[in-house]
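Taking it in order: structure first as structure tokens, then the write-up.
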Amino acid sequence: MTAQPAAAELKRLGSLTIGYLPDGVIHAHPGHAYPQHAHLAQAPELDLLDDRGQLLLSVGALFVESPDFRVLIDAGIGPRTIATPSPDPSTPAGAMTGGQLLESLATVGMVPSDIDAVLLSHLHADHVGWITPGDAQTQATFPNAEYLLGENEFAFWGRTENASRLTAPTRQQYAVIGSRRRDLRNGDSPLPGITALLTPGHTPGHTSFILDGGNGERAVVIGDAMHTTAEMAHPEMCWTGDLDPQTAIASRQALVAELAKPGTYAIGPHFTGTVFPDA
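0 is the number of the first residue of the sequence shown in numbering that gives the first Met the number 0; add one for each residue after it.
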């Protein structure tokens, strides 16, 4: 079969409504994405490859609503395209492409001013793209939102040597985040039913989020701690963008243990087909 991006989807988790809001897709050469473990991602039974043999990843945001708040977890890549290289001259380069998030938000009856907070797993470009409505624009897309992110993440991307990385937030996105920022430590509960779970390695302050609607079930939004279902089965796999591979492996192993707890399932924002593989 040929991989398909995750479609818009709503789930109930007790008092919480969770929705996946598509923004775009990522096409990446398996050998670039997983330099040492491409063969594991190419297993036919996983259905991770598009019709050109490239990995297909979903890009979007999660919408979480309760009687008390409406928040996003991450903010897509926005209306832009970023090339992903190919290590094989015979295979074309891929790309990260977005632009659909605001339309997806409208399908659940929301406009940007309805969002109270944006919880950021990390500050890579494909997770902060709609913080501003365009790369060179300085206004906030979500004018009433504060920005919650893991401790050390904001400081890392403020350093000159990191701000110039291809996957860095734009200067304008970074400024908007900084204007209403709240840092999260492991175990913090910034909103009822949401707990921060620091999962560093992909970036220094990468954060997953545990959602608990009070019905005996829990969901863990894993962010980029795992990009594909292959990493759930093989946490030793390292994505090309993992800045600290050994720490990233340790975080994946900890997530596997967390997901093994009764009533707990994963939400994988980059997963193909569905971001709710076990729900």
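Cβ atoms here follow ideal geometry from the backbone N, Cα and C, with glycine treated the same way.
If you keep only unbroken beta strand (DSSP E) runs of at least 3 residues inside the stretch 126-174, you get 145-149. Under the three-state reduction of DSSP output, His26 falls in the strand class.
Contact between the stretch 213-233 and the stretch 251-271 is present: three or more C-beta pairs spanning the two stretches fall below 8 Å.
Between Leu190 and Val70 a beta carbon distance of about 7 Å is seen, short of the 8 Å cut, so the two are scored as contacting. Distance between Gly186 and Ala249, taken at the CA atoms: about 18 Å. Within the DSSP secondary-structure output, Ile72 pairs in a beta bridge with Leu61, Leu118. The beta carbon of Pro66 is closer than 8 Å to those of Ser14 in its chain, skipping five residues each way along the sequence.
Of the residues Val117, Leu101, His226, Val107, the one whose Cα lies closest to the Cα of Gly133 is Leu101. For Glu160, the number of other beta carbons within 10 angstroms of its own is below 16, and it is reported as exposed. Nearest to His126 by alpha-carbon distance, out of Trp238, Pro276, Ala247, Pro21, is Pro21. Here DSSP, grouped into helix, strand and coil, assigns Pro244 to helix.
Contact between the stretch 73-80 and the stretch 52-61 is present, with at least three C-beta pairs closer than 8 Å. Here Gln35 is not near Gly93, since their CB atoms are 8 Å or more apart. Contact annotation, Pro203 with Asn151: C-beta distance approximately 5 Å; criterion of less than 8 Å satisfied.
The alpha-carbon separation between Thr169 and Ala162 amounts to approximately 8 Å. With distances taken between CA atoms, Glu257 lies nearest to Ile209 out of Cys237, Phe68, Thr239, Ile209.
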